[in-house]
Amino acid sequence: MSKPKTIFCDLDGTLTKHPADATVIQDPNYELEVLPGTKEIMNDWDRKRYYIVITTGRKESAREATIKQLQRAGILYDQLIMGFGGGDRILINDRKPNSDRDTAYVINVDRNKGLIDDKEK
1 MSKPKTIFCD LDGTLTKHPA DATVIQDPNY ELEVLPGTKE IMNDWDRKRY
51 YIVITTGRKE SAREATIKQL QRAGILYDQL IMGFGGGDRI LINDRKPNSD
101 RDTAYVINVD RNKGLIDDKE K
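For what it's worth, my numbering labels the leading residue of the sequence shown as 1, then goes sequentially.
Dropping the structure here:
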């Protein structure tokens, strides 16, 4: 039996519309605009018991506001990692012994398009 997957997913521009005005992220009453497919796929991941990690370039000082925004938007997650820089992100993971199967993958999506599959684009 395989272990549940861990999903790392960016917040602004991936799950929710990237705010044009960066100052709004400090406002706990700011309404996140959830992008197409986000809630459906995240609910599916939750049902499958995947571990969901939201990453964001938002500063640590915006944590409480971000948590409240995510709660109000109904976005499910297990962990929130703040302070990711805006540069390229590289994931390095080991292969399991006696296996040549990759255990780390990357999916790039267009900013503000949501988590829709290619057939819906």
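From the three backbone atoms N, C-alpha and C, an ideal C-beta is built for every residue, glycine too.
Being a predicted model, the structure only gives us computed values, none of them experimental.
Can you name the residues that DSSP bridges to I81?
-> T55
Cα-Cα separation between L80 and R95, rounded to whole angstroms = 26 Å
Round the Cβ separation of I92 and A62 to the nearest angstrom and send it over; I've been treating them as touching at under 8 Å.
-> 28 Å between Cβ atoms; not a contact.
L11 to D100, Cα distance in whole Å?
-> Roughly 31 Å between the two C-alpha positions.
What three-state label does DSSP hand D24 in the structure shown?
-> Per the sequence shown, residue 24 should be read as Val rather than Asp. The answer is helix: DSSP assigns V24 an H, G or I state.
Pick from P28, V34, I7, K5: whose alpha carbon is nearest that of T16?
-> Checked all of P28, V34, I7, K5; the closest Cα to T16 is V34.
Span of the beta strand (DSSP E) holding T66?
-> Note, T66: premise wrong, no beta strand (DSSP E); alpha helix (DSSP H) at 63 to 73.
Write down the C-beta distance between G9 and I54 rounded to the nearest angstrom, noting that I regard them as a contact closer than 8 Å.
-> The question names Gly, yet the displayed sequence has Cys at residue 9. That belief holds up - the Cβ atoms of C9 and I54 are roughly 6 Å apart, short of 8 Å.
With a Cβ-Cβ cutoff of 8 Å, do G37 and G114 count as a contact?
-> yes
Taking the CB atoms as reference points, tell me whether Y50 and T23 lie closer together than 8 Å.
-> no
Is any beta-carbon of chain B found at less than 8 Å from that of T23?
-> Annotation note: the requested chain B is absent from the structure, which comprises a single protein chain.
Ordered along the chain, which non-local residues of its own chain (more than five positions away) have a Cβ less than 7 Å from that of M42?
-> I52, I75, L76
Can you tell me which of the three DSSP states D102 falls into?
-> coil
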